[in-house]
Amino acid sequence: MQRPTIDDFREIRRGLPAVAALLFVAALAFPMWRISVDAVQYPSTTLRVSLYAYPHLTGDFIEMARLNHYVGFYFPDPVLVEPNFPVEENAIDVPEWSLGPVAFIGVSLLSVFVAVAPTVDKLKRGLKYQFGGTVLVFTVMLADIQYRLWEAGHTLDPGAPVMGVAGFTPPLWGQYQVANITSVSRFGLGAYMAATAVGLLAVSYYYRDQAATFNELPARIRNGLTGLPDAVRDRDGDTDDEEDAPHHPTTTAAEPDKPETHS
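Quick note: to get this note's numbering, add 15 to the position in the sequence shown (first position is 1).
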């Protein structure tokens, strides 16, 4: 079976999936999500917690767990593996959190598999299914995370010290307030690395029909950016010409009758 050579990986459509594979795996070493919290119970500091793609927290997660206890909101239970934080009895079960690395390693291996496709036809088909499948995987992951956040915020412990707190949904990105606690959610470095990897797959899919190399990429981008204003200017010029052109009535006024002449 024919295998691609080192020179073949100079092509964008083969090289970028290989780089994306590395980014997907490396992203597991960095936080996917960050939360910062300000509360009257901690007047002189902001609590910060980072969450990874597997059941692991860093930062002030012990203090934040104590703070969340007031309203009955707990870190989820990953069920399948032992996390590095204490799990409350009334916490919701989120077993898919334990499978996060499986998804990242899976799309990484798929990227490698596509990059080493033996023929151009198989490479092009692989790029199509790889890009679509990867987008689907991460879309499902984001939807699942947002659903679990909704579930956790609407399954508050009825025995919490602060009673009467209405259900809420922490956003993946944004600020929200519960009782006297103000929280801000942001994506972490790992999430940005994964998003960059998906972007690289999009570029490789775009160049799937071309044997363009990395050396040619700057010139192609430069030419594309240079040609865009010309295209816009030409389009605007056509519009201006139509607006500046003299108006010709669609109907013509009848000419006045000329007096008859007699010879």
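No residue lacks a Cβ here, since even glycine has one placed at the ideal position from N, Cα and C.
All of these numbers come straight from a predicted model, not from anything done at the bench.
{"Item": "Status (buried if at least 16 other CB within 10 Å, exposed otherwise) for P91", "Value": "buried"}
{"Item": "Among Y57, E97, P93 and P116, the one whose alpha carbon lies nearest that of I107", "Value": "P93"}
{"Item": "Environment of I236 [buried if 16+ CB atoms lie within 10 Å]", "Value": "exposed"}
{"Item": "Cβ-Cβ distance between R223 and K137 below 9 Å", "Value": "no"}
{"Item": "Under 9 Å between C-beta atoms of A42 and A212", "Value": "yes"}
{"Item": "Identity of the residues DSSP links to G74 by a beta bridge", "Value": "V64"}
{"Item": "V52 versus F229, R201 and G214, residue with shortest Cα-Cα distance", "Value": "R201"}
{"Item": "Rounded C-alpha distance that separates L31 from Q190", "Value": "35 Å"}
{"Item": "Between the CA atoms of L232 and Y85 - distance to the nearest angstrom", "Value": "55 Å"}
{"Item": "Test item: CB-CB of Y57 and L95 under 9 Å", "Value": "no"}
{"Item": "Buried versus exposed call for R147 [16 or more other C-beta atoms within 10 Å across all chains shown]", "Value": "Residue 147 is actually Gly in this sequence, not Arg. Exposed: under 16 other Cβ atoms inside 10 Å."}
{"Item": "C-beta contact flag for R18 and V131 at 9 Å", "Value": "yes"}
{"Item": "Cβ pair count under 8 Å reaching 3, the region 68 to 77 against the region 98 to 113", "Value": "yes"}
{"Item": "Whole-number beta carbon distance between P46 and L164, since they are thought to touch under 8 Å", "Value": "With 8 Å as the limit, L164 and P46 do not qualify as a contact, their Cβ atoms being about 16 Å apart."}
{"Item": "In chain order, each alpha helix (DSSP H) run of at least 4 residues that lies wholly inside the region 103 to 136", "Value": "115 to 130"}
{"Item": "Residues sharing a beta bridge with W48, DSSP", "Value": "L66 and F202"}
{"Item": "Reference V34, options S123, T61 and A80, closest by Cα", "Value": "S123"}
{"Item": "Buried or exposed (CB count within 10 angstroms, at least 16 for buried), V155", "Value": "exposed"}
{"Item": "Contact set for G74: own chain, Cβ-Cβ below 6 Å, skip 5 residues either direction", "Value": "R63, V64 and S65"}
{"Item": "According to DSSP, residues forming a beta bridge with G189", "Value": "S200"}
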